[in-house]
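Under the numbering used here, read the sequence shown as residues 86 to 421, first letter to last.
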Amino acid sequence: MRYIHVCALFLMSVFLTSCGQNQPNVPKDNIRSEIKDIGPNIMVRNIKKGKNGTILIAGPNNSSFGDVFRYDGKSFTNLTSKIGSHQFWDVLEDERGNIWFTSTDSGVYYYNGKSIQHFTTTEGLANNRVRSVYEDKAGIIWFGTGNGLSRYDGKSFRNFKNPNASLFYKEGHLNNDINTIIEDKSGKLWVGTQGDAFVYDGKKFTTLTHKGEPFLDVWGIMEDRKGNIWLSGFNGWKVSQTGGLWRYDGSNFTKVSQRGAYAIIEGKKGNIWTTGSVNPANWAIQALSRYDAKSLYSNKPAVTEIMSGSAFMGLLEANDGSIWFGDATGVYRYDG
Numbered sequence: 086m087r088y089i090h091v092c093a094l095f096l097m098s099v100f101l102t103s104c105g106q107n108q109p110n111v112p113k114d115n116i117r118s119e120i121k122d123i124g125p126n127i128m129v130r131n132i133k134k135g136k137n138g139t140i141l142i143a144g145p146n147n148s149s150f151g152d153v154f155r156y157d158g159k160s161f162t163n164l165t166s167k168i169g170s171h172q173f174w175d176v177l178e179d180e181r182g183n184i185w186f187t188s189t190d191s192g193v194y195y196y197n198g199k200s201i202q203h204f205t206t207t208e209g210l211a212n213n214r215v216r217s218v219y220e221d222k223a224g225i226i227w228f229g230t231g232n233g234l235s236r237y238d239g240k241s242f243r244n245f246k247n248p249n250a251s252l253f254y255k256e257g258h259l260n261n262d263i264n265t266i267i268e269d270k271s272g273k274l275w276v277g278t279q280g281d282a283f284v285y286d287g288k289k290f291t292t293l294t295h296k297g298e299p300f301l302d303v304w305g306i307m308e309d310r311k312g313n314i315w316l317s318g319f320n321g322w323k324v325s326q327t328g329g330l331w332r333y334d335g336s337n338f339t340k341v342s343q344r345g346a347y348a349i350i351e352g353k354k355g356n357i358w359t360t361g362s363v364n365p366a367n368w369a370i371q372a373l374s375r376y377d378a379k380s381l382y383s384n385k386p387a388v389t390e391i392m393s394g395s396a397f398m399g400l401l402e403a404n405d406g407s408i409w410f411g412d413a414t415g416v417y418r419y420d421g
């Protein structure tokens, strides 16, 4: 492994602008940086917490392939440099301290701190295109592949496909082209796909709909402290009733914003943070946005754009309360 030393992270100034209310005069906020060597510097797709306050970052170092980095508060370590050039998309450090790397061209890699093991369809993985990895409460590792869900219990894979027909796309396989997975407090899996999002309770697949319309191409799903599920339907070329940011309280869906979200997190102060599209008429206009906790349940929640641009993806709140997010130029840290 090679270490990439960082004195701080990316220098830039961002203006805070508030939507849905009068625009106050606000000071500039600085994201300080000084980089000696190249770290994640193009498209950061996912950012996850590792053990002992470390941060794991999956994203490419060039236009074709990618790497996974670990940041320990002082320097970056390239965890995948010895694996070779692959299109790494997601990363997970499990409860036992093992690290999983998913790729969209060569399946899954497992690193136990000493050796690397490679899993593909030959070992039982459902598909070698893997965009997401998730560990459930029982310690089972789930993979979102291009051909359904793969469940790994430490010994073997068991694969699951959503049998429900697509409610919008003619291409039924899109319902099994998985983007993201989370487990809620009751043990159900909420799954975003390239087609219709669904819930899997261990026995049945249920398509998520609002007034008969499915939530399409869902990337961001999150359960907050109150048990509400937040998700974002596709916000682009198709004018959809389910586009934008939504909250589900167990009985009803409430539309929070027309803005979409690639990633959604709840901060320590109760604010909801998102990355992704902000304009349904032009999906290429994207931002890091903060929804104020005090107004989340009002008709027009106060939202602040922290930074805008053309591509915002990975998102994480670190242990110190700073917000880490990825865009088309690398990874940023915002201290508030």
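For glycine and all other residues, C-beta sits at the position ideal for the given N, C-alpha and C.
Check your understanding: Taking the C-alpha atoms as reference points, what is the distance between Tyr419 and Phe242?
Key -> 39 Å
Exercise for review: Measure from the C-beta of Gly239 to each C-beta in chain D and report whether the shortest distance is under 7 Å.
Suggested key: Among the chains of the structure shown, chain D does not appear; only one protein chain is present.
**Study point:** Delimiting residues of the beta strand (DSSP E) encompassing Val153
**Key:** Asp152 to Tyr156
Check your understanding: Taking the alpha-carbon positions, what's the Gly318 to Asn384 distance?
Key -> Each residue's alpha carbon lies about 19 Å from the other.
Exercise for review: Indicate the three-state DSSP secondary structure (helix, strand or coil) for Asn137 in the structure shown.
Suggested key: helix
Practice item. Can you grab the Cα-Cα spacing for the pair Glu351 / Gly209, in whole Å? Key: 35 Å
Exercise for review: Look at Asn244 and Gly231 and say whether their C-beta atoms are less than 7 Å apart.
Suggested key: In this structure, Gly231 does not lie closer than 7 Å to Asn244 by Cβ.
Check your understanding: Which residues does DSSP pair with Ala372 in a beta bridge?
Key -> Gly361 and Ser393
**Study point:** DSSP-derived helix/strand/coil call for Thr339
**Key:** Assigned with DSSP and collapsed to three states, Thr339 falls in strand.
Review point. When you compare each of Thr339, Gly272 and Thr278 to Phe253 by their alpha carbons, which one comes out closest?
Key: Thr278
Point to revise | Cβ-based neighbour list, Glu180, same chain, cut-off 7 Å, excluding 5 preceding and 5 following | key: Excluding five sequence positions before and after Glu180, the CB atoms of its chain that fall closer than 7 Å to its own CB belong to Glu220 and Gly224, given in chain order.
Check your understanding: Sorted by chain position, which residues of the same chain lie with C-beta nearer than 7 Å to Ser407's C-beta, five sequence neighbours on each side aside?
Key -> Arg418, Tyr419 and Asp420
Review point. Smallest Cα separation from Asp309: which of Ile184, Leu381 and Lys246?
Key: Leu381
Review point. Tell me, which residues are paired with Gly182 by DSSP?
Key: Its beta-bridge partners do not exist; DSSP assigns none.
Practice item. Could you tell me the distance, in whole angstroms, from the CA atom of Thr206 to the CA atom of Glu390? Key: 42 Å
Review point. Between the beta-carbon of Asn404 and the beta-carbon of Gly138, is there less than 7 Å?
Key: yes
Check your understanding: So Ala282 and Leu316 are in contact, right, with Cβ under 8 Å, and what is the actual spacing, rounded?
Key -> 7 Å
Practice item. In angstroms with no decimal places, state the Cα-to-Cα distance between Pro299 and Tyr196. Key: 37 Å
Practice item. Compute the Euclidean distance between the alpha carbons of Ser342 and Val303, then round it to the nearest angstrom. Key: Using only the alpha carbons, I get a separation of about 15 Å.
Review point. How long is the line joining the alpha carbons of Ile201 and Tyr194, rounded to whole angstroms?
Key: 7 Å
Check your understanding: Any idea if Asp412 is buried or exposed, counting beta-carbon neighbours within 10 angstroms, 16 or more meaning buried?
Key -> buried
**Study point:** Coarse secondary structure for Thr206, derived from DSSP in three states
**Key:** helix
Practice item. Determine the contact status of Gly233 and Lys222, defining contact as a CB-CB distance below 7 Å. Key: no
Check your understanding: To which residues of the same chain is Thr292 closer than 7 Å at the C-beta, ignoring the five residues directly before and after it?
Key -> Asn249, Leu252, Asp281, Phe283 and Pro299
Practice item. Tell me where the beta strand (DSSP E) around Arg418 begins and ends. Key: Gly415 to Tyr419
Point to revise | Range of the contiguous beta strand (DSSP E) that encloses Glu268 | key: Here the beta strand (DSSP E) through Glu268 covers Ile263 to Glu268.
Check your understanding: Does DSSP classify Ala403 as helix, strand or coil?
Key -> coil
Exercise for review: Just confirm the distance between the C-beta atoms of Val129 and Gly399, as a whole number of angstroms; I'd bet it's less than 8 Å.
Suggested key: 5 Å
**Study point:** Pairwise C-alpha distance: Ala378 and Trp358
**Key:** 10 Å
Exercise for review: From the DSSP output, read off the bridge partner residues of Gly411.
Suggested key: Answer is Val416.
Practice item. Flag this pair as yes or no: are the beta carbons of Phe173 and Gly192 separated by less than 7 Å? Key: The answer is no: Cβ separation not under 7 Å.
**Study point:** For Gly415 and Gly355, the rounded distance between their alpha carbons
**Key:** 26 Å
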